[in-house]
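*Asks:* First residue of the sequence shown: 0, per numbering that gives the first Met the number 0; consecutive thereafter.
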Amino acid sequence: MQDDKPARAAVVIEDDDDVRDLLHAVLTGFGFTVHTAPAGQAGVEMVRQIAPQVVTLDVGLPDIDGFEVARRIRRFSSTLIVMLTARSDPRDEARGSEAGADEYLTKPFRPAELRRRIEDGLNKRSVPIPS
Numbered sequence: 000m001q002d003d004k005p006a007r008a009a010v011v012i013e014d015d016d017d018v019r020d021l022l023h024a025v026l027t028g029f030g031f032t033v034h035t036a037p038a039g040q041a042g043v044e045m046v047r048q049i050a051p052q053v054v055t056l057d058v059g060l061p062d063i064d065g066f067e068v069a070r071r072i073r074r075f076s077s078t079l080i081v082m083l084t085a086r087s088d089p090r091d092e093a094r095g096s097e098a099g100a101d102e103y104l105t106k107p108f109r110p111a112e113l114r115r116r117i118e119d120g121l122n123k124r125s126v127p128i129p130s
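1. Taking the alpha carbon of R124 as the reference point, which residue from R109, E97, L79, T55 has its own alpha carbon closest?
2. CA-CA distance, V81 and G28?
3. If distances are taken between C-alpha atoms only, which option among R71, Q52, D62, G30 comes closest to V10?
4. Please report how far the alpha carbon of I12 lies from the alpha carbon of G99, in whole angstroms.
5. Does the stretch 58-72 come close enough to the stretch 21-39 that 3 or more CB-CB pairs lie under 8 angstroms?
6. Out of curiosity, what's the CA-to-CA distance linking V33 and A93?
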């Protein structure tokens, strides 16, 4: 019997190998097919090619910052963008929102909180959650 549920994709844009691996494991555990990019421009192109339901995005990237990455993604996509960063200043959170991020979580984060934010964001968009 063939599974009729469409595959759910996520793109992780994160330059830290350990955090990127953690997010890959967490999102895979949530039922997503996960693609990763270690830099902003590569992440933008990956989002353009894959059209994921979810993007997790670090702010401090080596080529362009996460705020600019979010702005570039918003030019062509309405995907759920969750910024994950060590920056806890409320002004950074406001900048993330202005750039197009839907959610903003500070590191370290709890995987259950990330899942809740993703579920809430996808529910607002009426996108089925992988089971």
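Cβ coordinates follow ideal geometry from the N, Cα and C atoms, glycine included.
*Replies:* Reading from the atomic positions:
1. For this step, residue 124 is matched to residue 125 along the sequence shown. Here the closest residue by C-alpha is L79.
2. Against the sequence shown, residue 81 aligns to sequence position 82. Against the sequence shown, residue 28 aligns to sequence position 29. If you draw a straight line from the Cα of V81 to the Cα of G28, it is about 17 angstroms long.
3. Walking along the sequence shown from the start, residue 10 turns up at place 11. Considering only R71, Q52, D62, G30, the residue with the shortest C-alpha distance to V10 is Q52.
4. In the sequence shown, the residue the question calls residue 12 occupies position 13. In the sequence shown, the residue the question calls residue 99 occupies position 100. About 15 angstroms.
5. Touching, per the Cβ criterion.
6. The residue you call residue 33 lines up with position 34 of the sequence shown. The residue you call residue 93 lines up with position 94 of the sequence shown. Approximately 27 angstroms between the Cα atoms of the pair.
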